[in-house]
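Everything on this sheet refers to the single structure shown next.
Numbering (the working numbering), first residue to last: 2 to 1245.
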């Protein structure tokens, strides 16, 4: 330890090494305090998270232990933030039951206890909150011991009963119930008796997890039905005189009084029995549903639900009860059958030793079989099913095409064997094989003709159990918005579009679980062997995820990067070109401008998977693709699909309609059926099937019907005749527009812009407004949306502002994916056109207004994005608002003006139609440019349309660099950066190279204009009044011009970038950053980037100024790397440690200290605390030794002293300086101070 100055002994006289190495924890003395009444002291703790969720989804256990009675209370929580709520519940319950007041609550220091809500509640209730010291659970030992006891007992109960871990909460609940009725050391009686004053009865105690038989009341069964339901005993109810039982047949927990037990049998056998029994059931086969040949042909009756039929939901969402506390509200799944709750001498019936004659029975359903309600929305599966396709193996072998289906089955079976999907083995004990079946489908082309008969072997995945047969199932697919954006990019850059298909994709994913399957029918070897799956197969819940993970790894192996904005889009940008891959399960769309990259990708995929190269894309994901490369146009349509839909609903010969919805038509819930007779009539109409098929078209290629489909889809639950008429009108409109296509024109503007609008109070039922927006690129819509707003708007301005918020979110997403795939296509802010000046001004200035103060804060992020120059708002008249058709029904003339014949913009066009927008607009926009009036206003307007100019400043890029460095330092990494300077940047731009790049990024009109602007330029030298002969300018862009920096940026926009480096540019300044765990790693990444850049600069004739280019490493690891030298464990002397500090660490923070007097005192205190920490680390000073005494003993100046000393020396040097400008720094006027901070010259 240190010796004070009074003893005149130096701190170095003590052997600090001995003290530091002999330090250990102090012993814990047994507590001498004892409580004398209930609730005088309550211990509490939280255990978890448990790896397996309980039946109700809980992961945590909250326990309370009364110190006097040792009575324990258990609550089950889904998240830790529920602790504060249950503390209040426990206090109220305990005080009401005992008549005592809770005095002290003892817990640990966890955040679930140490928060404002718990603090305020305990303070308001007058309860003392005792908390254990950090990392000292021994001070809360009783609560910790209770958790251990409960978990040990629950673990043994689960092991003995052989129940899965899913029942852990029930086991803990039963363990706590028994613990409260068991004697404890501190008292001669049980905790329950001390708490309640009554001696508990134990005659009803049974073995946890044993088999039980619950009596079925007579009103719930028929004469010949069995009178008992076999189930599993889980515990005891606290709110009823009943047992808690689990029915494996419907997977629900219920209560019953009339129960007989077979304690010699484990109830876990019922789980396997029920699971095997469920495997015998067939799939929900959509092909078995009755085909809807004609809308007029309605069935005579519709399925009706029996009110007496018990709910057969797969799992109860009932919460586990709290032991010895009020049970949480239980849902209707709990069947309480207690008949005599008022009997004070209630004793459950005695145990039955053997009840082997009884078997599980289930009540026979009286209703007509139908699909579960969860399949109500799966209408597309019905639409895509072929009515003539066989639904079983027997039907396929008995059909006229039996030979064709047999060949398809042979092909599928051979594919499985070649892929080594399974191996035949004997079924291990305790394992259960999944059933399988054949699924037959006829595949059609874009014209609707059958091109292939496919037979697919599908396993019965619905019998799988999570945690046993699978864990995760999520697998993404590419967004249609991403596909349309890439199509626009392909039209702009003239990319090749190829299509590949993975043969039996789901069979190529690797399995990590042990799964067994029965041998497929038609190919069995007459043995009892089963198929042990080695790879994924169709029908498995994890099949799609296994395929996606393997595909993801395969694409990344060849250098493709995964998009952060759409995980099913992969891309690769290099000097050689661009490669983009969009993945929809097993369908691949490949976009490229480099045949070598494309060939490498196809070769790699073919070697890794079994693939089919389908060449140029023609028909994929339900839409047809046509292309004219000479005119740089691409069309996508769903003509064949829509014709199939019309035929399905017998509307192929209907009279076409000019508009999808009448402008006078208002749909509401008031038009829904009122009587049961009307509902039965509407049940015969395929309303959901029609809406679902139209919804698919509206999301892929038909934004013109988006608003109408959105309106009718709100009444799917209970449609009326008026709603059905509206659906048929949409079908009539589709009948006349099946040949409409989305047209992507590469000659048009490639700048993405959007339109947003709102229809105030459009919903006449709830008075909510309707949002609509659309984004355009290459003269075609790439993203659109129409939906109701979440809240009611009080004005049109508020409705438009909420619509602008939704459009801004989509714009940011589009900008993100655009910056990834084609950085040059997203220069400057994205323009969004609005037709409401109030919403526009609200987003721009954000001043306080009484009528807009209530708008949700989440919508105000629009202002932030405007300030960051990410979006830009522009007003247009309502008559020109394209998104108007997405918010409300329009009359025929106005609707048609937006769809195909608008002078401003067209959404859809038929093949070969011409658009007058771009040509006329370009001529008007560029008229001043063609007349060589190259003023700033005209040039900025030109590039607002073609490619927005530079709207950011240098500080924006510096801010970006600082963020990257700060993030690296925060993660304890090293950030290496090189800052490049281009020699004579603007003067050395190669004109031919610039024109080559402009042709890939801009429409040809702009390229011709800029080429004429750069060529035929001359210069001459003037000396007094004489001029030299003109000379041609063969390189460079005009310095001082508006478009000079932009042209240079376009010339250098393809600067090589990699995933491991970050590049920030502003004009001719370039910063390249690399982050690594060590200095060597970050430097290697930087060297690889410099190597690529060197080749690029040589290719495009750019020379770097090596003298002005610098390399800097940013790291905060100095103290970390030197800790072994100056830390407590170092064997160096304190003098040597101080020498290292003064020579290495101190110069880092003291640089520029001459001027630090201007900083706030809090900033200087941060550095002072750093120095204090280092000095304490060097000397291993104890906590009670003051910092100022430590500085005096070590003869180290404080931070303020260093600043004053260096400021004084700086001012002295300035007084004798030879430079007059430096001397002027001392001439500071003594003005009235507004700020309290000191000035540099005052520090001396």
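From the three backbone atoms N, C-alpha and C, an ideal C-beta is built for every residue, glycine too. Values in this document were obtained by computation on a predicted structure and should not be read as measured data.
Endpoints, alpha helix (DSSP H) assigned at residue i
| i | result |
| --- | --- |
| residue 463 | Unbroken run through residue 463: none, as it is neither H nor E. |
| residue 1192 | 1188 to 1195 |
| residue 176 | 169 to 180 |
| residue 1179 | 1162 to 1180 |
| residue 705 | Here residue 705 belongs to no alpha helix (DSSP H), and DSSP marks it neither H nor E. |
| residue 816 | 797 to 822 |
| residue 132 | Note, residue 132: premise wrong, no alpha helix (DSSP H); beta strand (DSSP E) at 129 to 132. |
| residue 1135 | 1135 to 1141 |
| residue 868 | 862 to 868 |
Per-residue burial, residue i [other beta carbons within 10 Å of its own, 16 or more giving buried]
| i | result |
| --- | --- |
| residue 521 | buried |
| residue 196 | buried |
| residue 218 | exposed |
| residue 187 | exposed |
| residue 106 | buried |
| residue 234 | buried |
| residue 461 | buried |
| residue 681 | exposed |
| residue 1 | Here the chain comprises residues numbered 2 to 1245, so residue 1 is not present and cannot be evaluated. |
| residue 1113 | exposed |
| residue 1 | Outside the modelled stretch of the chain, which goes from 2 to 1245, sits residue 1, for which no answer is possible. |
| residue 1184 | exposed |
| residue 974 | buried |
DSSP state of residue i mapped onto helix, strand, coil
| i | result |
| --- | --- |
| residue 157 | helix |
| residue 1114 | strand |
| residue 185 | coil |
| residue 588 | strand |
| residue 1152 | coil |
| residue 1078 | coil |
| residue 272 | helix |
| residue 93 | helix |
| residue 1204 | helix |
| residue 621 | strand |
| residue 51 | coil |
| residue 1052 | helix |
| residue 445 | strand |
DSSP beta-bridge partners of residue i
| i | result |
| --- | --- |
| residue 755 | 776, 833 |
| residue 1028 | 1023 |
| residue 635 | 628, 745 |
| residue 438 | 459 |
| residue 573 | 580 |
| residue 66 | 44, 73 |
| residue 1070 | 982, 1067 |
| residue 593 | 497, 580 |
| residue 105 | 129 |
| residue 563 | 571 |
| residue 114 | None, per the DSSP bridge assignment. |
N- and C-terminal bounds of the beta strand (DSSP E) containing residue i
| i | result |
| --- | --- |
| residue 785 | 781 to 789 |
| residue 615 | 612 to 617 |
| residue 876 | 872 to 876 |
Distance cut-off 7 Å: residue i Cβ against heavy atoms of the ligand ZN
| i | result |
| --- | --- |
| residue 1096 | What this structure holds is no ligand at all, so the ligand ZN is not there to describe. |
* What are the start and end residues of each continuous beta strand (DSSP E) run of 3 or more residues lying completely inside the segment 963 to 1016, in chain order? -> 975 to 982
* beta strand (DSSP E) runs contained entirely in the segment 715 to 765, provided each spans 3 or more residues -> 743 to 746, 754 to 760
* To do: Pick out the complete alpha helix (DSSP H) segments inside the segment 207 to 262, 4 residues or longer, and give them in chain order.
  => none
* May I have a chain-ordered list of the alpha helix (DSSP H) segments no shorter than 4 residues that lie completely inside the segment 452 to 539? => 481 to 494
* Asked: Of all the alpha helix (DSSP H) runs that stay within the bounds of the segment 389 to 443, which reach a length of 4 or more residues?
  -> 394 to 399, 403 to 420
* To do: For the segment 628 to 691, list the alpha helix (DSSP H) runs that are entirely contained and at least 4 residues long, ordered along the chain.
  => 640 to 649, 677 to 684
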